[in-house]
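The structure appears below as structure tokens.
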Amino acid sequence: MTADFSLRPAVAGDMDAILAIQALAHPNSQEDRAVFEERLALYPEGFLVATLEDELCGYVISHPWLRLGPPAINALIGALPGNADIYYIHDLSLLPVARGLGLSDILIGRLKDHAKGAGFAAMALTAVGGSAVFWCRHGFVEVEEARLAPLLSAYGPGSVYMEAVL
4 MTADFSLRPA VAGDMDAILA IQALAHPNSQ EDRAVFEERL ALYPEGFLVA TLEDELCGYV
64 ISHPWLRLGP PAINALIGAL PGNADIYYIH DLSLLPVARG LGLSDILIGR LKDHAKGAGF
124 AAMALTAVGG SAVFWCRHGF VEVEEARLAP LLSAYGPGSV YMEAVL
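In this note's numbering, the protein residues as written are 4 to 169.
Laid out in structure tokens, this is it:
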């Protein structure tokens with residue numbers, strides 16, 4: 004199926020639409036506006052939005068981070084670590100109308116290219132809500148480390164830390 008969608012950097016004026024998408028995608032665990040605004044301010048090149056027929060239909064937030072240390076959910080991070088050793092996908096959410104069109108493949112491909120270009124050898128994420136199967140299709144594998152358990156519990160039941168080699 005072909006669709007008229009495009010990607011562009013997020014801007015502050017997108018925040019209401021981004022938060023509405025988040026509410027639909029993550030009805031039981033939403034992050035505050037301040038978290039989204041901070042990620043945009045800290046690493047704008049990692050915050051993209053997707054539009055479908057000129058309407059915002061998805062977003063992805065990503066940034067340099069530390070391996071085996073997913074950021075706390077719904078928490079400000081203050082600054083990006085100077086010794087970042089992995090590229091972290093914080094959130095990728097699409098409206099139902101934008102699913103099944105190949106948009107997630109394009110977004111993830113764009114992030115992988117960006118991460119490689121920035122000198123990272125791997126990417127990481129925390130799969131929530133049973134999404135690990137989706138991320139496996141994109142080359143991510145579960146990393147099991149005992150020290151991750153307390154961090155992952157805040158993300159909700161069944162949350163999984165995953166990495167992909169670039």
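Idealized CB from N, CA, C, for every residue including glycine. Only a predicted model underlies this, so the values are computations on that prediction, with no experimental measurement involved.
{"Check": "I76 in three-state terms, based on DSSP", "Outcome": "coil"}
{"Check": "W138 versus F39, G159, L97 and I111, residue with shortest Cα-Cα distance", "Outcome": "I111"}
{"Check": "Distance CB(I64)-CB(R42) smaller than 8 Å", "Outcome": "yes"}
{"Check": "Neighbourhood of I92 by C-beta distance below 6 Å, restricted to the same chain and skipping five residues each side", "Outcome": "S65 and L128"}
{"Check": "Span separating the alpha-carbon of R70 from that of K119", "Outcome": "16 Å"}
{"Check": "Sub-8 Å separation of E40 and N77 beta-carbons", "Outcome": "no"}
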